[in-house]
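Each remark here refers to the structure printed beneath this line.
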Amino acid sequence: MSASAEATVLITHEVGLHARPSVKFTKLAKTFSADVEVALAANGPWFDAKSIVKVMAAKAPKGTVLHIRARGDGAGEAVGALAELVRRDFDEGVDHARTA
318 MSASAEATVL ITHEVGLHAR PSVKFTKLAK TFSADVEVAL AANGPWFDAK SIVKVMAAKA
378 PKGTVLHIRA RGDGAGEAVG ALAELVRRDF DEGVDHARTA
């Protein structure tokens, strides 16, 4: 039986899961051998977290609860790392903000 893991995380990034955050999310997902999927609702639809096109197409705004699940080797690590990336606002803190 293969490993599986699931998590939910609130998107607090100002632009949500848009261009730059989507790229960071999918790049991180691709570093794991597990099959990783995300959804905007617990009952789906689920889509491939390693596909930039599918992740960006979700258009998940700030305040969305993102559901993450994985199956296979490293499933727990994948889900944990992706959830933590979302919690860290995709590593786009004050240092990366535009200034007027």
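In this text, residue positions in the sequence shown follow the working numbering: the first is 318, and each later residue adds one.
Don't be surprised by glycine CBs; every beta carbon is placed ideally from N, CA and C.
Note that the coordinates shown come from a computational prediction; the quantities given were computed from them, not determined experimentally.
Closer than 7 Å by C-beta to histidine 413: which residues in its own chain qualify, once you throw out the five before and the five after it? Chain order, please.
Residue mapping note: residue 413 aligns to position 96 of the sequence shown, counting from 1. Confidence at histidine 413 is low in this model, with a pLDDT of 42, below 50, so the placement of that residue should be treated as unreliable; the coordinate-derived value is given next. Sequence-distant Cβ neighbours of histidine 413 in its own chain, meaning closer than 7 Å and more than five residues away, do not exist here.
Where does valine 396 sit, in a helix, a strand or coil, going by DSSP?
Taking the sequence shown and counting its residues from 1, the one referred to as residue 396 is at position 79. In the structure shown, valine 396 sits in a helix (DSSP, three-state: H, G or I).
For histidine 384, which beta-bridge partners are listed by DSSP?
Position 67 of the sequence shown holds residue 384. According to DSSP, which records beta bridges pairwise, histidine 384 is partnered with Thr325 and Ala356.
Proximity winner among Leu345, Phe407 and Phe349, relative to serine 321 (alpha-carbon distances)
In the sequence shown, the residue the question calls residue 321 occupies position 4. The residue with the shortest Cα to Cα distance from serine 321 is Phe349.
Considering Cα atoms alone, identify which of Arg404, Val355, Leu383 and Ala400 is closest to aspartate 365.
Here residue 365 refers to the residue found at position 48 of the sequence shown. Taking the Cα of aspartate 365 as reference, the smallest distance to any Cα among Arg404, Val355, Leu383 and Ala400 is reached at Val355.
Reference glycine 389, options Val353, Val340 and Gly361, closest by Cα:
Taking the sequence shown and counting its residues from 1, one reaches residue 389 at position 72. The candidate whose alpha carbon is nearest that of glycine 389 is Val353.
Might you give, ordered along the chain, the residues of its own chain that have their beta carbon closer than 7 Å to the beta carbon of lysine 347, omitting 5 neighbours on each side?
As a position in the sequence shown, residue 347 is number 30, starting the count at 1. Apart from sequence neighbours up to five positions away, the residues of its chain that approach lysine 347 with a beta-carbon distance below 7 Å are Lys367, ordered along the chain.
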